Amino acid sequence: MTNNIMAKKNFFWVFTFLIIVSLSSCGKEKPEKPKISDKKSFPDQAIENFTLTHTNQGEKEWELEADRAEIYKREGRTIVQKLKIRFYDQGKITSILTAREGELRSPSGDMEVRGDVVVTSEKEGITLKTESLKWDTQRKKIVTDDFVRQEKGDTIITGQGLESDPELEKIVIKKNVKVIHKSLK
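Residue numbers (numbering that gives the first Met the number 0): 0 to 184.
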């Protein structure tokens with residue numbers, strides 16, 4: 000029971016930074032990136048099939064569901080597999096992020112999610128798809144160098160690389176930008 004309480008406390012700090020994520024293949028082939036789960040040490044703690052809810056003054060801010068989490072205290076990282084995060088504002092879901100895996104670095108709070116990453120913003124009506132996203136804590140930006148696809152209504156925007164505020168209100172696609180308007184096809 001004590002390990003369960005300690006794990007919940009660790010996850011509280013580790014995943015506090017996850018809320019920031021939503022409040023937020025053209026060219027040469029890239030070499031395959033190493034998987035986040037490629038590791039040489041054993042985790043200090045592991046949890047399977049869990050849901051973690053974060054509240055602030057009684058209001059739910061986010062809820063994380065994942066198949067597995069591994070905490071590596073000495074390395075300052077936590078690995079999460081098959082994750083889904085629902086972000087809330089005033090009791091309503093504002094966005095949902097899904098990915099195959101994620102890694103949170105402490106104490107910086109930088110985070111990366113990889114593998115079929117999808118962020119759906121209920122507020123902005125945007126669906127963003129890519130292979131990886133990074134949260135840069137210092138700059139307070141969501142970034143990727145991967146191919147991205149942004150869908151909103153009848154408009155699809157694709158390109159290489161992205162930088163955005165956490166709310167997905169100010170999105171900059173860096174290069175090879177293409178815009179498709181479905182009704183103009």
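Where a beta carbon is used, it is the ideal one built from N, C-alpha and C, also for glycine. Because the structure is a prediction, the values reported are computed rather than measured.
Item to check | For Gln44, three-class secondary structure by DSSP | outcome: Note: Gln44 maps to strand in three-state DSSP.
Next on the checklist: On a Cα-Cα basis, can you pick out the residue from Pro106, Leu161, Gly114, Ser120 that is closest to Gln137?
Outcome noted: When only C-alpha atoms are compared, the closest one is Pro106.
Item to check | Beta-ladder partner(s) of Leu103, from DSSP | outcome: Under the DSSP definition of a beta bridge, Leu103 partners with Thr77, Met110.
Next on the checklist: Give me, in chain order, the residues of the same chain whose beta-carbon lies closer than 8 Å to that of Pro42; leave out the 5 immediate sequence neighbours on both sides.
Outcome noted: Counting only Cβ-Cβ distances below 8 Å, and skipping sequence neighbours, we find Glu69, Ile70, Tyr71, Ile78.
Item to check | Straight-line Cα distance separating Ser182 from Arg99 | outcome: Here the C-alpha atom of Arg99 lies approximately 33 Å from the C-alpha atom of Ser182.
Checklist entry - When the Cα atoms are used, what is the spatial distance from Ile141 to Ile156? => result Cα to Cα, Ile141 sits roughly 17 Å from Ile156.
Item to check | Minimum C-alpha distance to Tyr87 - residue among Gly124, Lys151, Glu58 | outcome: Closest option to Tyr87, Cα to Cα, is Glu58.
Checklist entry - Residue range of the beta strand (DSSP E) that Arg148 falls in? => result Counting along the chain, the unbroken beta strand (DSSP E) around Arg148 starts and ends at 140-151.
Item to check | Distance between Arg85 and Lys139 (C-alpha atoms, nearest Å) | outcome: Inter-residue distance for Lys139 and Arg85 is about 20 Å (C-alpha atoms, whole angstroms).
Item to check | Glu166: first and last residue of the uninterrupted beta strand (DSSP E) it sits in | outcome: Counting along the chain, Glu166 falls outside any beta strand (DSSP E), and DSSP gives it neither H nor E.
Checklist entry - In chain order, what residues of the same chain have a beta carbon less than 6 Å from the beta carbon of Glu220, not counting five sequence neighbours either side? => result Residue 220 lies beyond the stretch modelled for the chain, which goes from 0 to 184, so this question has no answer here.
Checklist entry - CA-CA distance, His53 and Glu62? => result Approximately 6 Å, taken between the alpha carbons.
Next on the checklist: Mapping the DSSP letters down to three states, classify Ile170 as helix, strand or coil.
Outcome noted: In the structure shown, Ile170 sits in a strand (DSSP, three-state: E or B).
Checklist entry - What is the residue span of the beta strand (DSSP E) that Glu69 lies within? => result Run containing Glu69: 58-71, per the beta strand (DSSP E) assignment.
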